[in-house]
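Colleague: From first to last, the protein sequence lines stand for chains A and B.
When we follow the UniProt record's numbering, the leftmost residue of the first sequence carries the number 1, and every step to the right adds one.
When we follow the UniProt record's numbering, the leftmost residue of the second sequence carries the number 1, and every step to the right adds one.
C-beta: ideal position from N, C-alpha, C; glycine also.
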Amino acid sequence: MNATIDSAPIAQDSSVDDMQIWWQAQRFLHYEADLLDHREFDNWLALLDENITYRMPLTRNVRRDALAQEYSGKHDAAWFDEGIDTLRQRVAQIKTGIHWAEEPASRVSHLVTNIRVLDVVPDEDGGEQVHVRSRFLIYQNRLQAEVNLFVGKREDVLRRRDGRWTILSREIHLDQNVLLSKALTIFF
Amino acid sequence: MGHKSIDELVRAEEGLVSRSIFVDDEIFQQELQQVFSRAWLFVGHESLVPKPDDYFVSRMGTESVILTRDRQGQIQVMLNSCAHRGMKLCRYDHGNNRTFTCPYHGWSFSTDGKLVEKPGELVGVPGHATHYKGELDKKQWGLKTVAQVVNYKGAIWATWDADAPPFLDYLGNMRLYLDAALDNRDGSSGGSEVIGGVQKWRVKCNWKFAPENFIGDLYHDISHRSVDIVGIGPGGGKGRRDPSATRSAICFPELGHGLLGRLPFYEEGPYAPQYARYPEVEAYFRQVHEQRERTLGSAMRVQTSVGTIFPNMSFHGRQPRTLAVFHPISATEMEMWRMYLVDKDAPEAVKEAARHYFLRYSGPGGMTESDDMENWTGATEASMGAVSRELYFNYQMGVGHAQPVPEIPGCAVNGEYTEENARIYYRRWAQFMNGLSWDQLMAGSVRVEERAA
Chain A
1 MNATIDSAPI AQDSSVDDMQ IWWQAQRFLH YEADLLDHRE FDNWLALLDE
51 NITYRMPLTR NVRRDALAQE YSGKHDAAWF DEGIDTLRQR VAQIKTGIHW
101 AEEPASRVSH LVTNIRVLDV VPDEDGGEQV HVRSRFLIYQ NRLQAEVNLF
151 VGKREDVLRR RDGRWTILSR EIHLDQNVLL SKALTIFF
Chain B
1 MGHKSIDELV RAEEGLVSRS IFVDDEIFQQ ELQQVFSRAW LFVGHESLVP
51 KPDDYFVSRM GTESVILTRD RQGQIQVMLN SCAHRGMKLC RYDHGNNRTF
101 TCPYHGWSFS TDGKLVEKPG ELVGVPGHAT HYKGELDKKQ WGLKTVAQVV
151 NYKGAIWATW DADAPPFLDY LGNMRLYLDA ALDNRDGSSG GSEVIGGVQK
201 WRVKCNWKFA PENFIGDLYH DISHRSVDIV GIGPGGGKGR RDPSATRSAI
251 CFPELGHGLL GRLPFYEEGP YAPQYARYPE VEAYFRQVHE QRERTLGSAM
301 RVQTSVGTIF PNMSFHGRQP RTLAVFHPIS ATEMEMWRMY LVDKDAPEAV
351 KEAARHYFLR YSGPGGMTES DDMENWTGAT EASMGAVSRE LYFNYQMGVG
401 HAQPVPEIPG CAVNGEYTEE NARIYYRRWA QFMNGLSWDQ LMAGSVRVEE
451 RAA
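(1) Could you tell me which whole alpha helix (DSSP H) segments of length 4 or greater appear in the stretch 343–414 of chain B?
(2) What does Asn-61/A reach in chain B if we use C-beta pairs closer than 9 angstroms?
(3) State the DSSP-derived secondary structure class of Thr-332/B, mapped to helix, strand or coil.
(4) Who are the Cβ neighbours of Val-10/B in its own chain at under 6 angstroms, not counting the five residues just before and after it?
(5) What residues of chain B sit near Gln-89/A, judged by a beta carbon separation below 8 angstroms?
(6) Give, in chain order, every unbroken run of the alpha helix (DSSP H) that is at least 4 residues long and sits entirely within the stretch 198–279 of chain B.
(7) Check His-84/B in the structure and name its three-state DSSP category.
(8) Does the beta carbon of Ala-78/A come closer than 8 angstroms to any beta carbon on chain B?
(9) Taking buried to mean at least 16 other C-beta atoms within 10 Å of its own C-beta, is His-38/A buried or exposed?
(10) Using 8 angstroms as the Cβ pair cut-off and three pairs as the minimum, do the stretch 327–341 of chain B and the stretch 56–67 of chain B touch?
(11) For the beta strand (DSSP E) that Tyr-139/A lies in, which residues bound it at each end?
(12) Between Leu-158/A and chain B, is the shortest Cβ-Cβ distance under 8 angstroms, so that the two count as touching?
(13) Run down chain E in chain order and give the residues with a C-beta less than 7 angstroms from the C-beta of Gln-93/A.
(14) Among Leu-341/B, Lys-144/B and Gly-106/B, which has the Cα closest to the Cα of Glu-63/B?
(15) Which residue wins for smallest C-alpha separation from Arg-60/A, given the options Glu-8/B, Lys-200/B and Gln-148/B?
(16) Give the interface partners of Ile-98/A over in chain B, defined as CB-CB distance under 7 angstroms, in chain order.
(17) Does any residue of chain B bring its CB to less than 8 angstroms from the CB of Gly-152/A?
(18) Taking DSSP as the reference, what is the three-state secondary structure of Glu-31/B?
(19) So Glu-50/A packs on Ile-98/A, CB below 8 angstroms; how close in whole Å?
(20) Got a sec, what are the start and stop residues for the beta strand (DSSP E) Ala-158/B sits in?
(21) With a threshold of 8 angstroms between beta carbons, is Ser-109/A in contact with chain B?
(22) Pairing CB atoms from the stretch 100–107 of chain A with CB atoms from the stretch 227–238 of chain B, are three or more of them under 8 angstroms?
(23) Span of the alpha helix (DSSP H) holding Asp-37/A?
(24) Looking only at its chain, what residues have a beta carbon closer than 6 angstroms to the beta carbon of Leu-296/B, apart from the 5 residues adjacent to it on each side?
(25) Using a C-beta cutoff of 8 angstroms, does Ile-408/B count as contacting chain A?
(26) Which whole-angstrom value is the C-beta distance of Leu-182/B and Gly-216/B, which I expect to be below 8 angstroms?
(27) To which residues of the same chain is Glu-14/B closer than 7 angstroms at the C-beta, ignoring the five residues directly before and after it?
(28) Where Ile-167/A and Gly-233/B are concerned, what is the direct C-alpha to C-alpha distance, given to the nearest angstrom?
(29) Cα separation between Asp-169/B and Lys-133/B?
(30) When you check each C-beta in the stretch 186–216 of chain B against every C-beta of chain A, which residues fall closer than 9 angstroms?
(31) Does DSSP classify Ala-452/B as helix, strand or coil?
(32) Might you give, ordered along the chain, the residues of its own chain that have their beta carbon closer than 7 angstroms to the beta carbon of Glu-282/B, omitting 5 neighbours on each side?
(33) Going by CA-CA distance only, name the one from Thr-304/B, Pro-406/B, Tyr-152/B and Leu-255/B that's closest to Ser-244/B.
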């Protein structure tokens, strides 16, 4: 998808009016967050398209007239730039029980809000691609007193086909320049 | 720093290092003086500032510095602090500027050799003719610039100390192992570039844990077992790295640098396929392997897995191929930076495969590195107490078993598993902290002449 958070215009009437699509998209994102917060990672993986792109670019301080460079580009370094294989590997690593950055397990709560459906386009396979923008606030608590707060914006392309929803792409824009936590071992 | 002398804190010959050097605020302040204001420090890579007037804001110790390429094409490094009232001049991570103008009172500074005699000189002061009556001596009030700066195969190094020895003396024969990371995979000199974007993140650990980890702590691999089990190797196979020959812990005892890698060898043997899933990548690595054999012939060569240049720069020399720097923030916090290196002339598909591999391996989201930071923060936290900070860490593995490496003057090998590399690193740290002169610090320095490229 070409639309990105920094370039897409925001108009009051730009979101899709279809209440049913909006309701389903919201319900899906809330369900997904619930799976992650309850550590049902296999069920979460089942929501991902085989061709998923999952990327969290770096956020940079740049001049106001160079804001197009605020986020690192598609072929630049990033915090994450993943496909289905590495997302599965991450889940497998957590399950080894010796991935010490997630052992003992983090306590995580995803708050997903400000959900807007920007666009619905027909899919080649007879379904639809639903372009959704949202905000997240993720609380991570580890061990005794370790707390990380991740806040930012997400831009997803969700596929809807035969009543089933999956995630085709997710771009995560973290509202942080220097990352203030030592590791990123949770899913966004 | 309590009441112990530096020599009591670091008893390198016995393999004992006091925990207090990892948690003590007074020792930290002393480090900023004795280590970070004197040593050669890594400040970036030339590919971060490709064009004239490009700049990249870096750090040296706890200080913000501007790395810029002036209009004459020279790399300059200046303190990012206005000479007038100290305001941070440059508040962006990178950009392109001809002059740097302070937002506080409007003093402006330039590196353009056509406008100024010295890089960073003051060029404009609001009210110079009227309020200052033309009496301010602009030449006296330029930006503080580093005493020496070097572009070594694209890696930029600087020191605040005019008396510091030339960088290549400071590096000594560690140069061979740094070259193995910076040189083109086809064996020609230099030619690497940084993939766009520098990862920067805060870790609540003392900055020394990281360079110690990279200088030669092979036996901590046990903490990466989870990623070895899962397998994230570059070819999509088992393990997490490309296959490598037996690695040795190699160090430069007089200089404080060290690495895990291969001893000198003279012939590489046949290419071992490892990127079966990516034919274009496989073809490239086969081709550069064959080219390297032709370029180097039977000349001596080395290979680096990971290494550290004293005090706070480390690198991966093969795949993944990265540069890392550990900036001190306080006794118990550092800011870690990572840059990812590729051959500038490699095909896009090779750069992309490398980038994906580097990102799943290293950095805070890396499946390997995330567990390293867990170790370093845990060790820092558990050394803060009044009781724990009085204890020593144990670095006694393999004391007294170092052997010289005949082909490389000043170099010693310690087998595969040893704590010798950490011992020589902390001994170097103690020498700096004791305020030894450069003559004393460099007394044992030797280096081979650079091979004609």
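Modeller: Let me spell this out:
(1) You should have 348–361 and 369–381.
(2) Simply Val-57, Arg-91, Tyr-92, Asp-93 and His-94.
(3) DSSP places Thr-332/B in coil when its eight states are reduced to three.
(4) Cβ neighbours of Val-10/B beyond the five flanking positions: Val-17, Tyr-426 and Ala-430.
(5) Residues of chain B passing the Cβ test: Val-230, Gly-231, Ile-232, Arg-360 and Met-367.
(6) Within the stretch 198–279 of chain B, the runs of alpha helix (DSSP H) that reach at least 4 residues and sit entirely inside it are, in chain order, 209–216 and 225–230.
(7) Coil, per DSSP.
(8) Ala-78/A counts as touching chain B.
(9) Label assigned to His-38/A: exposed.
(10) At 8 angstroms Cβ cutoff, the stretches touch.
(11) Segment 128–142, the beta strand (DSSP E) holding Tyr-139/A.
(12) Taking Cβ atoms only, chain B never reaches closer than 8 angstroms to Leu-158/A, which makes this a no.
(13) Given the protein chain composition of this structure (A and B), no chain E is represented.
(14) For Glu-63/B, the nearest C-alpha among the options comes from Lys-144/B.
(15) Residue Lys-200/B is the option with its Cα nearest to Arg-60/A.
(16) Here the neighbours are Arg-225 and Ser-226.
(17) With a threshold of 8 angstroms between beta carbons, Gly-152/A makes no contact with chain B.
(18) In the three-state scheme derived from DSSP, where H, G and I count as helix and E and B as strand, Glu-31/B is classed as helix.
(19) Not quite, the Cβ-Cβ distance comes to about 28 angstroms (not below 8 angstroms), so this is no contact.
(20) The continuous beta strand (DSSP E) containing Ala-158/B extends over residues 155–159.
(21) Ser-109/A does not count as touching chain B.
(22) A contact is defined here as three or more CB-CB pairs under 8 angstroms, and the stretch 100–107 of chain A fails this definition with respect to the stretch 227–238 of chain B.
(23) For Asp-37/A, the enclosing alpha helix (DSSP H) begins and ends at 19–37.
(24) Taken in chain order, the residues that qualify are Gly-187.
(25) No, no contact with chain A.
(26) Rounded, the Cβ-Cβ distance is 20 angstroms, inconsistent with contact.
(27) If we look at Glu-14/B and ignore the five residues flanking it on each side, it has no Cβ neighbours.
(28) Whole-angstrom Cα-Cα distance: 26 angstroms.
(29) Each residue's CA atom was taken as its position, placing Asp-169/B and Lys-133/B some 48 angstroms apart.
(30) Cβ contacts with chain A come from Val-194, Ile-195, Gly-196, Gly-197, Val-198, Gln-199, Lys-200, Trp-201, Arg-202, Val-203, Lys-204 and Cys-205.
(31) Because Ala-452/B sits at a pLDDT of 43, beneath the cut-off of 50, its placement in the model cannot be relied upon, and the following sentence gives the value as read from the coordinates. Of the three classes helix, strand and coil, the one that applies to Ala-452/B here is coil, per DSSP.
(32) Same-chain partners within the cutoff: Pro-273, Tyr-275 and Ala-276.
(33) With distances taken between Cα atoms, Ser-244/B lies closest to Thr-304/B.
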